[in-house]
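Reading the sequence shown from the start, the letters are residues 57 to 993 in my numbering.
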Amino acid sequence: MELNRRKLFELSTAGVATAGLSTLGVPQASPVGAAPAGPVTETVLLTGSDADHTVDWDFQVTAGRRAGEWGTIPTPSNWECHGFGSYHYGGDLVPAEKGSYRHRFTPPASWSGRRIFLVFEAAMTDAEVRVNGVSAGPVHQGGFYRFRYDATALLRLGEPNLLEVTVSKESADDSVNDAERRGDFWNFGGIFRPVTLQAYPAARVDRVAVDARADGTFTAQVTLAGVSTASRLTARLRRLDGTAVGDPFSVAVASGATSATLTTTAAQPLLWTAETPHLHQVELTLASATGVALHSTVERFGFRTVEVRAGDGIYVNGRRIVLKGANRHTFWPTSGRASSPRLARLDIELMKDMNMNAVRMSHYPPDAFFLDLCDELGLYVLDELTGWQRDYDEGVGAPLVEAMVRRDVNHPSILFWDNGNEGGWNTALDDDFGRHDPQRRAVLHPWATFSGVDTSHYQTYSSTVAKAAGSTVFMPTEFLHGLYDGGAGAGLNDYWKVMGGAQRSAGGFIWALVDESVARDDRGGALDTNGSRAPDGILGPYREKEGSFFTIKDIWSPVQPANPGYYDSVFPASFDQTVKLVNRYDFTNLRQCRFTWQLLAFAAPGTGAGHRVVAEGPADGPDVAPGATGALRLGLPADWTGADALRLDATDPAGRALTAWTWRIRKAPDYAARVVRPATTGSVVTTETTTDVTLIAGATRITIAKASGRLTGVRRDGSPVSLVNGPAPAHGTAALTGFSHFRDGTGWVAQAGYSGDLVSVRWRLDANGWLRLDYHYRATGDHEHLGVNFDYPEANVRGLTWLGDGPYRVYKNRLRGVHLDVWTKPYNDTATGASGFGYPEFKGYHARTHWAVLQTSEGAVTVVAAEDGLFLRLFTPAPGPDPQHAVTGYPAGGISFLDGIAPIGNKFHDVTALGPESRPNAATGDYHRTVYFRFDA
């Protein structure tokens with residue numbers, strides 16, 4: 057069902073009947089040509105439908121901003137996000153802060169004879185409700201759960217009514233505060249999900265709980281109310297396009313009955329998986345003994361079977377699956393926990409763009425529309441009862457389990473129920489989930505082993521290897537904590553080589569999807585991450601893509617080259633126009649995917665960014681079953697080797713981009729020869745002092761220190777270019793042993809020899825202004841960095857255009873997800889997740905650079921690499937506050953030319969606890985490089 061069909065109508069006082077609703081805001085589509093057989097549940101929105109569509113209520117808060125002042129507030133919302141009260145992060149309890157709401161409304165007079173419920177999708181945290189001055193029922197406790205009151209006797213139909221709600225930000229129940237308000241996340245207050253009136257016929261279907269299996273067996277446990285005479289309950293199954301699935305089926309209902317069970321078997325139904333999200337609906341009609349329809353409703357579901365096979369894996373529809381997911385908070389900087397279908401779809405689309413197939417609802421059940429979209433778009437879900445390291449008491453917890461399961465039970469996307477998090481489970485509640493769930497989904501204790509699944513959090517690489525080789529199904533519900541730029545994609549390649557292939561590994565969930573940065577309207581809209589407690593995302597607060605986004609997309613693509621090393625080091629030699637691919641889907645054959653190739657020619661320095669497509673064409677997806685390997689055949693033109701690169705794109709059956717590879721046909725020496733042209737005429741002159749020698753070619757003046765062999769000055773047209781103090785070794789020492797300079801054809805050479813780690817440096821300025829640097833260093837053993845450094849004032853930098861892997865920076869343990877092209881980006885000083893929020897970040901390591909043009913206030917500095925594999929380092933990024941282990945090392949200086957770079961850790965692990973790619977660079981002896989420079993206005 058498309059989002060544009062999701063419209064919940066606010067009814068006028070005359071009343072308008074709407075289709076049955078299984079979850080608020082998501083009308084279940086009636087099949088084509090069909091209409092409800094009888095009266096339906098009618099719904100009136102008292103608030104808006106979501107954070108994008110609100111209705112103002114009268115409001116007053118008791119403490120904080122605007123305390124004691126009556127005003128209006130949009131609903132649904134969190135009051136902190138609209139200038140009321142105070143902002144608080146987990147553990148900072150504020151029992152005095154309460155919000156008082158008033159709203160006048162007129163229910164339809166046509167509802168006479170109906171049973172009318174006042175339904176709250178959620179309110180933080182304790183809610184006391186009055187209708188026309190009379191209590192609607194007990195105070196509700198628990199901030200993330202649907203609750204309702206029978207308001208039939210309290211309402212004056214066809215007349216104005218007054219609804220008053222007092223919401224206490226903190227609960228009077230200590231265990232609710234322990235479970236919900238002392239967690240590691242922002243605390244908000246308010247009616248942040250919609251409020252409705254729902255009017256049912258007197259005899260009604262009150263709830264439907266479906267169990268639809270992959271073999272076609274269908275069972276619906278139906279809760280009834282108001283059945284005063286003998287009746288019959290009839291059901292019919294349909295696809296969402298209206299196609300009937302089998303014949304109607306029914307069961308007799310006795311007078312006074314409160315439940316009924318309907319069963320049937322569908323012949324070979326289309327099955328629901330995250331790869332094939334086929335949905336069905338069941339139409340239910342309660343009718344009198346004489347056939348008069350009393351109540352009709354529609355419930356959506358999917359045929360699928362979920363199993364945990366002990367010591368084996370997690371299976372859906374008889375096939376073993378691997379979950380690739382993230383932990384998601386419901387969050388937006390300007391609306392807090394109040395959300396909308398638009399924002400929900402945005403997050404799901406971004407997750408699927410990363411080739412994720414799963415999401416964990418950390419640490420509370422989400423909006424119902426989020427689960428509807430998971431059903432529709434295909435995403436496996438772990439639905440979670442709140443309990444962040446502390447649990448609910450049984451008395452208050454049992455109704456919340458019931459509310460969560462009753463609301464969410466029919467979502468085929470939900471594979472598991474989570475009972476709390478990291479010790480925040482009350483084991484007395486474990487069996488409550490199954491009481492309301494005919495599917496009897498397994499219950500997990502995230503970070504512990506329960507229901508046959510080891511969900512341990514934040515394992516080291518070595519313990520991950522051990523657990524994946526163990527006897528228990530292993531599926532960490534949190535791993536590779538993504539504080540700032542650490543974790544998430546950094547280290548994932550090593551972890552996934554273990555977790556993606558081990559027999560008893562069922563995948564895992566990265567912490568976390570987004571940086572939870574609140575836009576503080578009491579600080580002029582500044583983003584607040586509460587120090588290092590909330591900037592944990594793969595995405596920024598407004599869903600900016602950080603570098604790990606693309607690394608994860610690459611690693612988790614279900615289509616992978618069988619021999620990636622060949623394309624990195626050997627291609628195009630011996631390429632026969634076939635690409636061997638591994639199918640890592642669980643259900644999809646690669647013949648259902650679409651592949652296209654392009655031959656690229658890259659822009660030259662000074663001609664802009666990007667590339668020109670020389671030729672392109674499709675390639676038929678090969679017949680490769682899940683888990684198998686096969687060959688994709690490309691029909692390239694005969695002159696394909698004349699291009700700069702070959703790009704191959706893979707698209708899934710729904711048209712979503714899975715991944716792309718850009719493989720180098722031309723190498724660094726080719727680009728160097730293309731860009732750097734030797735002078736054919738002219739000459740270089742020199743001046744010399746006791747301390748240095750200056751080489752002069754036209755407007756370019758290069759000064760080299762005799763005592764070090766390093767660059768000490770550059771001038772262009774008489775103006776300085778402040779690149780100096782290099783090449784200095786990134787490791788070890790360099791003691792000068794000799795210096796000389798002499799004419800060399802149209803150029804002039806200045807060269808130095810050293811003892812120590814740096815062996816030699818040779819400068820050559822050509823008559824046309826190109827400056828060549830040859831350097832040789834020696835290193836063995838482990839090193840954080842390998843290469844040479846220069847100094848340049850960061851304040852002078854304006855931007856960068858370069859041919860290399862980009863556009864994001866890399867680390868030694870996060871090299872995947874970048875692609876070859878001519879990229880450009882302006883300077884920024886972003887501290888990932890902490891400040892600036894400009895992406896891609898400017899500073900850091902840039903992989904496999906062929907040439908780069910640094911735009912500065914002093915002109916353009918062009919750098920060209922003569923050999924492949926150069927890392928261009930630009931300055932040192934600032935970390936956010938208290939980064940813990942989410943740090944990396946940078947060498948001295950501001951600009952470096954490196955053969956080896958450092959890895960980055962994550963919040964809980966330094967690089968020594970991560971995998972092979974996080975180990976230091978193992979130096980192998982002698983290193984030689986040539987780099988060219990040009991200085992232009």
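Just so you know, even glycine gets a beta-carbon here, dropped at the ideal spot from N, CA and C. This one's a predicted model, so the numbers in the text were calculated from it and none came from an experiment.
(message) Whole angstroms are fine: how far does the CA of L293 sit from the CA of G89?
(response) Reliability fails at G89, whose pLDDT of 39 lies under 50, so the model's placement of it is uncertain and the value that follows must be treated cautiously. About 15 Å.
(message) Taking the straight line between their C-alpha atoms, what separation do you get for G557 and G581?
(response) Near 45 Å, if we compare the C-alpha coordinates of G581 and G557.
(request) Give the straight-line distance between the Cα atoms of P468 and V574, rounded to the nearest whole angstrom. (result) Each residue's CA atom was taken as its position, placing P468 and V574 some 33 Å apart.
(message) Taking only three categories from DSSP, how would you classify R599?
(response) If DSSP states are grouped into helix, strand and coil, R599 belongs with coil.
(request) Name the two residues that bound the continuous alpha helix (DSSP H) containing A454. (result) Per DSSP, A454 belongs to the alpha helix (DSSP H) from 450-464.
(request) Identify the continuous beta strand (DSSP E) that holds L655 and give its terminal residues. (result) Looking at the DSSP string, the run of the beta strand (DSSP E) that includes L655 is 650-658.
(request) From the DSSP output, in three-state form, read off K609 for me. (result) Correct three-state label for K609: helix.
(request) Please confirm whether G381 and V415 have their CB atoms less than 8 Å apart. (result) In contact: G381 and V415 (Cβ atoms closer than 8 Å).
(request) For S78, count neighbouring C-beta atoms within 10 Å of its own C-beta (all shown protein chains included) and say buried if the count is 16 or more, exposed if not. (result) Bear in mind that the predicted position of S78 carries a pLDDT of just 32, short of 50, making it unreliable; the figure below should be weighed with that in mind. Buried, because 16 or more other Cβ atoms sit within 10 Å of the Cβ of S78.
(request) Out of L101, R703, P849, state which residue places its alpha-carbon closest to the alpha-carbon of D877. (result) Nearest to D877 by C-alpha distance, out of L101, R703, P849, is R703.
(message) At the level of alpha carbons, what is the spacing between H537 and S396?
(response) H537 and S396 have their C-alpha atoms spaced approximately 27 Å apart.
(request) To the nearest angstrom, report how far apart P725 and D924 are at their CA atoms. (result) The alpha-carbon separation between P725 and D924 amounts to approximately 8 Å.
(request) Have a look at V301, E236, V509, A322 and flag the residue whose alpha-carbon is nearest the alpha-carbon of D368. (result) Comparing Cα-Cα distances from D368 to each of V301, E236, V509, A322, the minimum goes to V509.
(message) If contact is defined by three or more beta carbon pairs under 8 Å, each pair taking one atom from either stretch, is the stretch 744-763 in contact with the stretch 812-830?
(response) As far as the Cβ criterion goes, the stretch 812-830 touches the stretch 744-763, which means the pair count is three or higher.
(request) Tell me whether T346 sits in a helix, a strand or coil according to DSSP, three-state version. (result) DSSP places T346 in the coil class of the three-state scheme, outside both helix and strand.
(message) Can you tell me whether H159 is buried or exposed? The criterion is at least 16 other CB atoms within 10 Å of its CB, across all chains shown.
(response) H159 sits buried, since 16 or more C-beta atoms from the chains shown fall within 10 Å of its C-beta.
(message) Tell me the DSSP secondary structure of L64 in three-state form.
(response) Confidence at L64 is low in this model, with a pLDDT of 33, below 50, so the placement of that residue should be treated as unreliable; the coordinate-derived value is given next. The three-state reading of DSSP puts L64 in coil, since its state is none of H, G, I, E or B.
(message) Taking the straight line between their C-alpha atoms, what separation do you get for N977 and M531?
(response) When rounded, the distance between both Cα atoms is 31 Å.
(request) Find the nearest neighbour of P947 within the set G666, S315, A786, judged by alpha-carbon distance. (result) Answer by Cα proximity: A786.
(message) For H196 and F203, what's the separation of their Cα atoms in angstroms?
(response) In a straight line, the C-alpha of H196 is about 7 Å away from that of F203.
(request) Jot down the residue ranges of each uninterrupted beta strand (DSSP E) in the stretch 905-981, minimum 3 residues, whole runs only, in chain order. (result) The stretch 905-981 contains, as complete beta strand (DSSP E) runs of 3+ residues, the segments 907-912, 915-921, 927-930, 951-956 (chain order).
(request) Measuring alpha carbon to alpha carbon, tell me which of T131, G282, G141, N233 ends up nearest V251. (result) Minimum Cα distance to V251 is reached at T131.
(request) Can you have a look at Q559 and say buried or exposed, based on whether 16 or more other CB atoms are within 10 angstroms of its CB? (result) Q559 comes out exposed.
(request) List the whole-angstrom C-beta distance separating T290 from A343, where the pair is believed to meet the contact cut-off of C-beta under 8 Å. (result) About 7 Å; that satisfies the 8 Å criterion.
(message) Taking 8 Å as the cut-off, does the stretch 715-732 touch the stretch 751-770 (at least 3 CB pairs, one atom from each stretch)?
(response) Counting C-beta pairs with one atom in each stretch, the stretch 751-770 and the stretch 715-732 have fewer than three that are closer than 8 Å, which means they do not touch.
(request) Could you name the residues of the same chain whose beta carbon sits closer than 6 Å to that of S142, not counting the 5 residues immediately before and after it, in chain order? (result) Excluding five sequence positions before and after S142, the CB atoms of its chain that fall closer than 6 Å to its own CB belong to G120, given in chain order.
(message) So, at 6 Å on beta carbons, what are the nonlocal neighbours of L646 in its own chain, with the 5 sequence-adjacent residues on each side left out?
(response) Within the same chain, L646 has close Cβ partners N639, G677, P678, V680.
(request) Would you kindly report the start and end of the unbroken beta strand (DSSP E) that includes M407? (result) Under the DSSP assignment, M407 falls outside any beta strand (DSSP E), being part of the alpha helix (DSSP H) whose first and last residues are 397-409.
(request) Reducing DSSP to helix, strand and coil, say where N549 ends up. (result) N549: helix per DSSP, three-state reduction.
(request) Could you spell out where the alpha helix (DSSP H) holding R730 opens and where it closes? (result) In this chain, the alpha helix (DSSP H) harbouring R730 covers 724-731.
(request) Please determine, among P216, V920, V221, G198, the residue with the shortest C-alpha to C-alpha distance to A192. (result) Of P216, V920, V221, G198, the residue nearest in Cα terms is V221.
(request) State the CB to CB distance for the pair V853 and T932, rounded to an integer number of angstroms; the pair is presumed to be in contact (CB under 8 Å). (result) Between the beta-carbon of V853 and that of T932 there is about 13 Å, and that puts the pair past the 8 Å contact cut.
(message) Measuring alpha carbon to alpha carbon, tell me which residue in Y256, T585, V111 is nearest Y145.
(response) Nearest of Y256, T585, V111 to Y145, Cα basis: T585.
(request) Return the residue from the list T736, T737, W804, R720 that minimises the CA-CA distance to T759. (result) Per the Cα distances, W804.
(message) Report the CB separation of L688 from L656 in whole angstroms; it is logged as a contact under 8 Å.
(response) The Cβ separation is near 18 Å, so there is no contact.
(message) Under DSSP, the beta strand (DSSP E) around T319 begins and ends at which residues?
(response) Taken as a continuous stretch (DSSP letters only), the beta strand (DSSP E) holding T319 covers 315-321.
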